[in-house]
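Data first, discussion second: the structure below is written as structure tokens.
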Amino acid sequence: MLAGPFLISYGVKQVNGINRLSGPGLETEHVMGMTQMGGNWPNRLRDMCFYYVGEAGEIDMYDTNKEGSEKLMEFLCYGKGVYAHCGKLKEPIKTEL
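All residue numbers for the sequence shown refer to UniProt numbering, where the first residue is 1 and numbers rise by one.
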């Protein structure tokens, strides 16, 4: 299964010496730097979405998203088990001086 065309605009760029995902809606979208597009990233994003929907369930994710994107991020990133990926990340990058 191929990723949808909306995922093709995501890629990886180096920000402060760390490889970061970059694309529409992400905090790295407007950070200056060269972005490596395509490759496996569109499929990885698709697979991660399917994984989260499979683990959390569509209704729980939808209900949480209705409460706001920050609630969804907290639900998916800062929970326990499969939802703890973001807890290991550094502080958000600054895009302005």
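Quick reminder that beta carbons are idealized off the backbone N, C-alpha and C, glycines included.
Item, Value
"Would residue 39 pass as a contact of residue 13 if the rule is Cβ separation under 8 angstroms?", "no"
"Extract the residue ranges of the beta strand (DSSP E) inside the region 34-76, only unbroken runs of 3 or more that lie entirely within it.", "35-37"
"Hey, residue 52 and residue 76 are a contact pair by Cβ (cut 8 angstroms); roughly how many whole angstroms apart?", "6 angstroms"
"How far does the beta strand (DSSP E) with residue 11 in it reach, from first residue to last?", "11-15"
"Got a sec, what are the start and stop residues for the beta strand (DSSP E) residue 21 sits in?", "18-22"
"According to the neighbour-count rule (16 or more other Cβ atoms, all chains shown, within 10 Å of its Cβ), is residue 24 buried or exposed?", "exposed"
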